[in-house]
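Asks: The working numbering numbers the first residue of the sequence shown as 1 and each following residue consecutively.
C-beta atoms are modelled at their ideal positions from N, C-alpha and C, and glycine is treated no differently.
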Amino acid sequence: MEKPELETSRIHGFTSWVNMRLLPYDKGLGNVLLDLMKGTNMKMLLQSVTGTTTEKIQSFEKLTTEQIRTRCEWAVKHLKEHQVIPEGVYVDSQLFAVRNAKHVFDLLWRLVEHDIWFLWERIDFLLQDDAKGLLEVPLKWIPTGQSTDIGKSARNRAILSGYDGSQTGRPDKYLGKFNETEAMVAFSKRNLTKRYPKPSICLIEIIQLVLQKRPEGRRINFTKLTELSDIRVMCSLINYFVPNLIPTEILLNDRWGLNLALAIIDDVLCCKSYLTSEDFVLVDEMAICSFMCYFFLVFFKYRQGEMAVRRADELRRKQYNASQKLRKLEEEGNTGMGKIQLEQDITQYNFDLTNLRKNYDLRSAAQWRDHVEQARSKVVSIIANKLQVRYDWFDVPVEATIADICRQKAVNLILTDGYAFYRILDGKQEIVTSERSFILIHKQTRQITVDKSLCKNDDDSLHPVIRKANIRSILEIGNINGNTEVKADRYPQYEDIARCCLDYGAEVNSLNKEGNTPLFCAAEKFSKSCAKLLLEYGADISVVNNRKKTVSEMCVNEEFQQTLITVSEFIASVIRALTQGDKEVLDRVITDHVEGRYTLSSLNSRFINGSTLLHTACYFNNLPAVQRLVKLDVNLDVRDFQGKTALHRTRDINIIKFLLECNADINATDAEGNTAIHAKCAGERNKPLELEAIRVLHEYGAELDRCNSKGETCFHLAARKGNTEVLQLLFELDETNMRESIQAIEQKPSEENISIVGLAIRSDHQDSAAWLLEHGFMFKQNEPDELIRDILSETITVAEPECLLQFLSKEGNATFSNAYEDGNSTLHLAAAMATIEPLKFLLSLGFDPDVVNQAKETPLFVATRINNIDAACILIEHGVDCRTKNDQGYTAFDYILDIDEWLASEKFDEETHARLRAYKYKSIRTLIYNVTAKLNQEVKHNEQTK
């Protein structure tokens, strides 16, 4: 192994571990060797490892080498005082201060050993499946408290004596200051009084224990760290902490899959590591152990947090049910043992919830879980794209043999029968023999085309050299279809992948370059099961492709045609009744599926105009059908065509409770990021508000401060829809949380200067805006003036703009004297509005109707230009000067297009009528003059020609 490769790998590994240690301080390094002694990174690392800090060590910026050396000595002394490293360890601070790789790595390795043994002592506790037991003690790797149970018999040996020497086992028990997690150690089934194994041995044992928790992991015989380059190992470890995050049945055992797994780890753990597949091939013990230490510590932290969120939801449900039963007993006057037991249960649930909140940050844990779910969607998308591209490529910076490249870059040529491609350099000519082929990458679309028939068996086949490599013939431009060819007989699992993609919201009627939908592709392969699946998910059988043919016309296979007819007839026979809420038809569809008369490809299929059976049953409040579907293991969180779950759609309280009791995801989001409580707070048009549903969802743990994709909480949606009663209820449920979340959102920098009060105004809900102002919410700076501008320019549509203008003037201290674009005043804007009430309101405030803009035009000019007779009449009644001329010398009446219409309106007084008639005669006179001048000009031209 070359030294540069070794050093780079260790930099990657130790950087991962240090970044994990610096997570609580929102710090991260790019290169541990270069960045550790910058700023306060060393100080924060010491604080993370020892649980305390020293005033002597602050920022390393602008320090001399000698000052850095002194602080390194203080750092080592601090570590020894807190018994993180043995007293007898010697560190050459001078070499450490100049960032000598060997010395920096040796000290960091001591600290990583400390963490690996810490984890190994507690692994039995952390692997518990029982949530209640696992959550008794939260995992913390930053020590607190004092402990004297620390080994003092370490040999007096220099830490710089070599890498091998530092990897011997721990001399004896070395618990450190972790009083809060001592219960984890007591839970251990292993003998912790003997000498500890090497860190690598400890990690191998931990990996083996975790793999035994997964069905696919139990089939892996993991014995050494070199086997971590096997994608199955890493995927099984990740899937233990986040079940089914990585579809191992699809990923191939190659460098791309391993790099994807490493990228997923960083994304899920919200921490940056720099390890790649090349590092797993090098298998440096320090690098790999540091990375795996970071991997397990943070993932076990996530597992506890995620389980705490689920446990809290469970306790809230039990508490709510017990409260309902207790209320019922009190109404019945029952004061027996049942009531006492319920009161005790509620007290215990409250006590357990309080302990959970004390030990775990449930809000952050829930946000972390949501982030992981977003990462799951990314994984599906990335793998789906790779299935189409199929190739991975990378640069080779130095000359090397194919064998060396495959070894160093973790390339698995077995998957391609030993074939690989390389790039022909620009301007370089090569001889292309018959056994070689081309792969072409489109520069814009990045689409890949592989040549499979460049060399054919013809009369020239004896000649191994191809004289003409025609790209058009390789591309077969007339036949490109934009698809990745998949043979159903070779890949039977692709139907399951298609079902998975559809469940995750893939567009069933998406078109490729030939205008074909996925149903056309199923027809091409005569895949009846795939066609049935696609039709039940809403595939349109009437789509016409670029060849002006439907799928029925493209496929002549009788069995496939019969499948299309059968499925289409079934959907047509039930769709109308189901969309009208016919319970008998819904029950018959479920019965036919169960008894095999017509078996659906999936109970989650969206054949009811984009909705599933569960959505339909919930929308029409059909609780028996919902209960029956749940017994058939339907996915409770299945999405409809808008990404909404059954909780979003149902209005029935009993169904909501039932779904939540069955562990439906209360915070599942739709395509716009709205949860069920978002939907209930927004309400539906012409339907009563769902106040009780909101109350129940909150009781079961719905997050009131959760934001959708637009950054809006359920409180925002209630304000936008003008649901004042919902605003009152949300305040009743959690006023403090609502205020804090709204304040945090409004303090974020944003291009739009919109407060929650302004949101209600823009949606034309003055009553909600008034309620918000009464309860302490305020406009943002200059927002009332911006609202006035938008109302007058009709950017926002409101029913009674004059009422909102009056409201903004009174409640928002808005001013109407601002100048807008081109120097227009509020009167100019009001004169252009369809309604004249705002203009009347402004004039009633005493505004001068003769105010002019930059073009020296009064509001009357605006009214005449757009033929607004009513606005002109109001302005004239208020004394506007009709004789005012603009900077071009025209009056307002000069811009009237049809002066006869104005004369016929009979809305003006006699003086104005006389003025309009004068302008009419003036326009006639001008027309006659222009015609005469034109004729005279033509006569003069003709005479000159003669």
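For Leu225, which option in Pro215, Glu205 and Ile238 has the closest C-alpha, if you only look at C-alpha atoms?
Replies: Considering only alpha carbons, the answer is Glu205.
Asks: Decide if Ser693 is buried, meaning its Cβ has at least 16 other Cβ atoms within 10 Å, or exposed.
Replies: For the sequence presented, residue 693 should be read as Ala rather than Ser. Counting Cβ neighbours within 10 Å, Ala693 comes out buried, since at least 16 surround it.
Asks: Pick from Ser601, Ser573 and Thr517: whose alpha carbon is nearest that of Lys528?
Replies: Of Ser601, Ser573 and Thr517, the residue nearest in Cα terms is Ser601.
Asks: Between which residues of its own chain and Val798 is the CB-CB distance below 7 Å, once the five residues before and five after are set aside?
Replies: Cβ within range, chain order: Asp764, Ile791 and Leu804.
Asks: So Leu440 is in the beta strand (DSSP E); what residue range does that whole segment cover?
Replies: Per DSSP, Leu440 belongs to the beta strand (DSSP E) from Ile439 to Ile441.
Asks: Taking 6 Å as the limit between beta carbons, can you name the residues of its chain near Leu623, skipping five residues before and five after?
Replies: If we look at Leu623 and ignore the five residues flanking it on each side, its Cβ neighbours are Asn654 and Ile655.
Asks: Based on the DSSP output, what are the partners of Thr948 in its beta bridges?
Replies: A question about residue 948 goes unanswered here, because the residues of the chain that appear run from 1 up to 946.
Asks: Threshold first: 4 residues or longer. Then list the alpha helix (DSSP H) segments lying entirely within the stretch 524–587, N to C.
Replies: Segments of the alpha helix (DSSP H) lying fully in the stretch 524–587: 528–536, 551–554 and 558–579.
Asks: Which residue or residues does DSSP assign as beta-bridge partners of Ile608?
Replies: BP columns for Ile608 point to Ser611.
Asks: Would you check if the distance between the CB atom of Thr858 and the CB atom of Tyr895 is smaller than 9 Å?
Replies: For Thr858 and Tyr895, no; Cβs fall outside 9 Å.
Asks: So what's Tyr598 in DSSP terms, helix, strand or just coil?
Replies: Correct three-state label for Tyr598: coil.
Asks: Hey, quick one: how far does the alpha helix (DSSP H) through Arg214 stretch, first residue to last?
Replies: Note, Arg214: premise wrong, no alpha helix (DSSP H); not H, not E.
Asks: Distance, Cα to Cα, Ala410 vs Thr276?
Replies: Distance between the alpha carbons of Ala410 and Thr276: 10 Å.
Asks: Beta carbon of Ala577, beta carbon of Val585: below 9 Å?
Replies: Closer than 9 Å, so yes.
Asks: Tell me the rounded alpha-carbon separation between Gly515 and Val551.
Replies: Taking the straight line from one Cα to the other gives about 11 Å.
Asks: Tell me whether the beta-carbon of Leu262 lies closer than 9 Å to the beta-carbon of Arg376.
Replies: No, the pair does not count as a contact, with Cβ atoms beyond the cut-off.
Asks: Buried or exposed for Lys934, please, with buried defined as at least 16 other CB atoms from any protein chain shown within 10 angstroms of its CB.
Replies: Answer is exposed; the Cβ neighbour count stays below 16.
Asks: Just the C-alpha distance for Ile497 and Leu258, rounded to the nearest angstrom, thanks.
Replies: Each residue's alpha carbon lies about 21 Å from the other.
Asks: Select from Glu661, Asn663, Tyr700 and Arg685 the residue whose C-alpha is nearest the C-alpha of Ile677.
Replies: With distances taken between Cα atoms, Ile677 lies closest to Tyr700.
Asks: Leaving out five residues before and five after Ser709 in sequence, what residues of the same chain have Cβ atoms less than 7 Å from its Cβ?
Replies: If we look at Ser709 and ignore the five residues flanking it on each side, its Cβ neighbours are Glu672 and Gly673.
Asks: Which one of Glu712, Ile761 and Lys856 has the shortest CA to CA distance from Ser750?
Replies: Residue Glu712 is the option with its Cα nearest to Ser750.
Asks: Checking 9 Å against the spacing of the C-beta atoms, do Phe715 and Cys681 come in under that value?
Replies: Their beta carbons are under 9 Å apart, which means Phe715 touches Cys681 by this criterion.
Asks: CB-CB under 7 Å to Ser9, same chain, minus the five flanking residues each way: which ones, in chain order?
Replies: Correct list, in chain order: Asp279, Leu282, Asp284 and Ala287.
Asks: Could you tell me whether the Cβ atoms of Phe105 and Arg69 are closer together than 9 Å?
Replies: No.
Asks: Can you tell which of Val242, Tyr391, Ala719 and Phe560 has the C-alpha that lies nearest to the C-alpha of Leu772?
Replies: Comparing Cα positions, the closest option is Ala719.
Asks: Let's test the definition: count the other Cβ atoms within 10 Å of the Cβ of Glu121 and tell me whether it reaches 16, buried, or not, exposed.
Replies: Its Cβ being crowded by 16 or more others within 10 Å, Glu121 is buried.
Asks: Taking the alpha helix (DSSP H) that Trp120 belongs to, which residues open and close that run?
Replies: That run of the alpha helix (DSSP H) goes Ala101 to Leu126.
Asks: Once the 5 residues before and after Tyr25 are set aside, which same chain residues still bring their CB inside 6 Å of it?
Replies: So the qualifying residues of the chain are Met44.
Asks: My output table needs one value for Ala154: the three-state DSSP class, helix, strand or coil.
Replies: Residue placement at Ala154 cannot be trusted, given a pLDDT of 35 that sits under 50; what the coordinates show is reported in the next sentence. If DSSP states are grouped into helix, strand and coil, Ala154 belongs with coil.
Asks: Quick check on Met879: buried or exposed, where buried means 16 or more other Cβ atoms within 10 Å of its Cβ?
Replies: Sequence inspection shows Gly at residue 879; the Met mentioned does not correspond to that position. Gly879 is exposed by the Cβ-count criterion.
Asks: List the endpoints of the continuous alpha helix (DSSP H) containing Phe296.
Replies: Start and end: Glu285 to Glu332.
Asks: DSSP three-state call for Ala506: helix, strand or coil?
Replies: Ala506 falls in the coil class under three-state DSSP.
Asks: Determine the DSSP secondary structure at Phe908, reduced to helix, strand or coil.
Replies: DSSP places Phe908 in coil when its eight states are reduced to three.
Asks: With Met42 and Phe60 assumed to form a contact (beta carbons below 8 Å), what rounded beta-carbon distance in angstroms separates them?
Replies: Confirmed, Cβ separation roughly 6 Å.
Asks: Just to confirm, are Ile899 and Tyr929 a CB contact at a threshold of 9 Å?
Replies: No.
Asks: How many whole angstroms separate the CB atoms of Lys325 and Leu342, which I take to be in contact at a CB cut-off of 8 Å?
Replies: The Cβ separation is near 6 Å, so the contact holds.
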